[in-house]
Each structure stands twice: as structure tokens, then as C-alpha cells.
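Residue numbers are given in numbering that gives the first Met the number 0: position 327 of the sequence shown equals residue 326, and the series is strictly consecutive. Worksheet: the structure to be examined is printed underneath.
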Amino acid sequence: MEAILASSAVIPSGSGIKWLNRGVSFGAKIECSQVVGFREKVHLQSQIVLRRCGLGRGVVCRAGFVNMTLGGVAENGNRFPFLTNAGQKVMTNVSSILEKELCPLLEESNTPDDVKYFKSKDGNAEGSVVMLAGKESSKVDFVLESWLHATLPFGTLDIATFVVMLGPETDSPHFLFEFIQSGPSLVVVLDHLPRKDLVLDTDYQQRFYESTGLDDIRKRFEEAPNSKPYVSPILFVRSVVSPTAVLYKLNAGMQVDGGLEEQIETVVYPGSQKMIEVWIESFLTRGSTVSNLDETQKRDNQIKTFGIEVDLSANLPRLFGKSIADRIIEAFRTGGRIKVL
């Protein structure tokens with residue numbers, strides 16, 4: 000959600016930019032990582048779901064995850080051109096899992112080329128945003144992928160984001176992943192965004208959060224060396240994430256032999272993989288028909304308009320100027336199967 004809600008990266012006031020959110024990109028098709036066990040377990044379930052959506056076993060995913068042309072930025076073939084090797088492995092692994100399971104449910108991207116890649120006039124910031132709308136017969140509203148790279152007075156900032164917003168046909172949670180790196184520190188935001196009030200609907204909490212082991216994943220981040228809780232400065236963000244949300248800041252330090260790269264490889268990679276695997280399984284097997292359609296749509300639209308669009312409008316012009324910001328916001332408005340009451 001540009002990244003969608005969330006965690007705005009903190010930028011020192013001296014830089015002239017108080018808060019910065021990210022850029023975005025649903026990108027090139029990549030090799031699927033070898034995620035065994037879970038993949039085989041879910042494969043038959045996914046085939047059942049796809050057939051219910053009118054998609055046969057042999058269907059070819061024409062939507063693809065759009066092949067992006069980023070000029071010289073991606074000449075090396077990297078999906079996330081400015082992330083470290085460990086960061087690229089994390090993001091491409093999550094992307095490959097999303098691609099394998101969701102691709103048949105998505106339309107081809109209509110994201111304009113000048114939104115798939117954009118750059119500030121001074122050349123200090125560049126990014127990419129790509130969206131794919133869910134097919135009308137599917138339960139997916141839209142998928143968004145992005146990356147942003149900026150050179151700022153205090154150093155470089157790199158942000159990569161995945162968001163999957165589901166439609167009102169299911170009550171399964173949305174998916175959010177933000178990877179925000181600045182120098183020797185990394186903020187990780189991973190969550191299954193609830194579609195219902197967990198206080199009022201204890202069955203929903205049990206079905207998607209307590210019985211799925213999500214809090215065990217959160218604890219792995221909590222117990223990692225040099226890990227500290229990340230508190231978003233935006234109250235809205237804190238009000239929409241789940242109790243099992245991963246909101247942590249990891250730092251390179253003496254306690255970790257390989258520094259931040261070691262943290263990414265040993266904590267973020269397995270943690271993010273498990274989070275997306277559980278989300279896929281929940282989407283395929285735990286979702287129910289929405290009982291209160293109006294309330295669910297209002298909640299989802301609030302996340303889209305306030306959590307994403309307003310946030311984009313406030314932050315993108317600071318780095319890229321009004322013209323580029325307007326292009327990206329318009330692409331967001333038209334890029335998904337978005338239902339506004």
C-alpha cells in the first residue's frame with residue numbers, strides 16, 4: 000500500500016524530509032525458489048480454488064509478474080536493483096511464492112511504463128510501482144510490489160514492498176511486507192492485516208492468528224540479536240495491524256558475526272517465507288464468506304484511501320515532485336479491482 004500502510008521510514012528532520020514512504024513495483028518474472036513441503040501440500044488446495052474460479056489445472060498465467068524494463072537500473076537482471084544480495088534473496092523468494100499461487104487469479108498489469116520506473120529530476124531518488132488487479136471471478140482485489148532507492152543527506156534509503164489486498168468475497172486477511180534498509184539498520188514490517196475487529200470476533204482471531212502459529216514467527220524476530228520493536232509514528236498504522244504483526248528493527252552489531260546480512264539471511268528470510276506460506280494457506284483454506292459486506296468494504300476502503308492514497312499524496316512529492324506523484328496516485332486508483340462505496 001505504498002507501502003501500504005505502513006511503517007513510514009524515519010528520516011532525520013535535518014534532511015528536509017520528515018517522513019518518507021516508499022516506491023512500488025510488481026515486477027519481472029523470476030525463478031521460483033525451492034520451497035518444499037508446503038508447496039506440495041497447498042498445490043492440490045490451490046487447484047481446487049482455481050477450478051472454482053473458472054481456471055483449469057493447465058491454465059497458463061498470462062498475467063505474469065510483469066517483465067519490467069528499467070533502463071540501466073536493472074541491466075544486471077536484479078529484481079530489486081539496489082538491495083544487498085541477502086535482501087534480494089528475501090524479496091525474490093516472497094515474490095516467487097506469490098507468483099506461483101496468485102498469478103492465475105490476476106489480470107495483466109495496466110501500470111504505465113512511467114510508473115513502473117520513475118526518477119527524480121535531481122537523480123537522487125528512483126523507484127518502481129507495479130499493480131495487478133484480481134480477476135472479477137477471483138477473491139483478490141489487487142497486488143502491489145514496489146521498490147524505492149534514495150540518496151539523502153544522512154545516507155541511502157532502500158525500501159521494498161509487497162501488498163496483497165483481497166476482495167469482499169472472502170474474510171481472509173490482507174498481506175503486507177515492507178523491507179526498509181538505511182545503512183546498518185533494517186526495519187521489517189510483516190503482517191496479515193485483519194479484516195474484522197479481533198475483540199468482537201474471537202473466532203476470527205482464533206482462525207487466522209492463534210491457530211496458525213503467527214506469534215511464534217513474531218517471537219523469532221523479537222529474540223534475534225540486536226532486535227528492537229519498531230513503533231510506527233502513524234497512529235492509523237498501529238490501529239490496523241494485527242497482534243502478531245512483525246514490527247522490528249534489526250541492527251548490525253558485535254553480537255552478529257556477519258552483521259546485518261547475517262541477520263537478513265538467518266532471521267528475515269525464514270521468517271518472511273513462513274509468513275507468506277501461512278498467508279497463502281489461510282487464503283486457500285480458512286477464508287469464509289463475508290457476513291457483513293458493507294462493514295468489510297468500508298474497512299478495506301479506509302485502508303486503501305487513508306492508508307495508501309493519502310499517504311502517497313503527502314510523501315511522494317517530497318522526493319519526486321508533484322507531476323510524478325500524481326502519476327503514481329492515478330495508477331493506484333485505476334490499477335486494481337477497487338470497490339469504493
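C-beta atoms are modelled at their ideal positions from N, C-alpha and C, and glycine is treated no differently. Here the structure is a predicted model, which is why all the values come from computation and not from measurement.
Spatially closest choice to residue i from the options, by CA coordinates
{"i": "ALA251", "options": "ASN225, ALA244 and TYR268", "result": "ASN225"}
{"i": "ILE302", "options": "VAL236, GLY122 and GLU100", "result": "VAL236"}
{"i": "SER231", "options": "THR211, GLN272, VAL198 and VAL188", "result": "VAL188"}
{"i": "TYR247", "options": "ALA223, LEU318, GLU294 and LYS273", "result": "ALA223"}
{"i": "ASP113", "options": "ARG332, ARG326 and THR333", "result": "ARG326"}
{"i": "ALA149", "options": "ARG332, PHE319 and ASN84", "result": "PHE319"}
{"i": "LEU213", "options": "PRO152, ASN92 and ILE279", "result": "ILE279"}
{"i": "LYS134", "options": "ARG219, LEU151 and LEU101", "result": "LEU101"}
{"i": "THR83", "options": "SER312, LEU311 and GLY258", "result": "GLY258"}
Identity of the residues DSSP links to residue i by a beta bridge
{"i": "LYS227", "result": "LYS248"}
{"i": "LEU151", "result": "GLY154"}
{"i": "ALA124", "result": "ALA149"}
{"i": "SER181", "result": "SER184"}
Cβ-Cβ distance between residue i and residue j below 7 angstroms
{"i": "GLY286", "j": "SER171", "result": "yes"}
{"i": "LEU105", "j": "LEU143", "result": "no"}
{"i": "SER241", "j": "ASP196", "result": "no"}
{"i": "ILE96", "j": "ILE275", "result": "yes"}
{"i": "LEU192", "j": "LEU175", "result": "yes"}
{"i": "THR110", "j": "ALA330", "result": "yes"}
{"i": "LEU283", "j": "PRO167", "result": "no"}
{"i": "VAL89", "j": "TYR203", "result": "no"}
{"i": "LEU185", "j": "LEU249", "result": "yes"}
{"i": "SER145", "j": "VAL128", "result": "yes"}
{"i": "MET164", "j": "PHE141", "result": "yes"}
{"i": "GLY126", "j": "GLY154", "result": "no"}
Between the CA atoms of residue j and residue i - distance to the nearest angstrom
{"i": "ARG194", "j": "VAL162", "result": "14 angstroms"}
{"i": "PRO316", "j": "ALA124", "result": "12 angstroms"}
{"i": "TYR116", "j": "GLY122", "result": "13 angstroms"}
{"i": "VAL289", "j": "ASP200", "result": "13 angstroms"}
{"i": "ILE263", "j": "GLU98", "result": "22 angstroms"}
{"i": "ARG298", "j": "SER136", "result": "21 angstroms"}
{"i": "ARG217", "j": "GLY270", "result": "8 angstroms"}
{"i": "LYS273", "j": "THR211", "result": "11 angstroms"}
{"i": "SER281", "j": "HIS173", "result": "10 angstroms"}
{"i": "ALA324", "j": "THR160", "result": "17 angstroms"}
Range of the contiguous beta strand (DSSP E) that encloses residue i
{"i": "VAL281", "result": "Looking at the sequence itself, residue 281 is Ser, so the reference to Val does not match. From DSSP, SER281 is part of no beta strand (DSSP E) but of the alpha helix (DSSP H) over 268-284."}
{"i": "VAL186", "result": "184-192"}
N- and C-terminal bounds of the alpha helix (DSSP H) containing residue i
{"i": "LEU259", "result": "258-262"}
Residue i: CB within 6 angstroms of a non-hydrogen atom of the ligand MN
{"i": "LYS115", "result": "Among the components modelled here there is no ligand, and therefore nothing to report on the ligand MN."}
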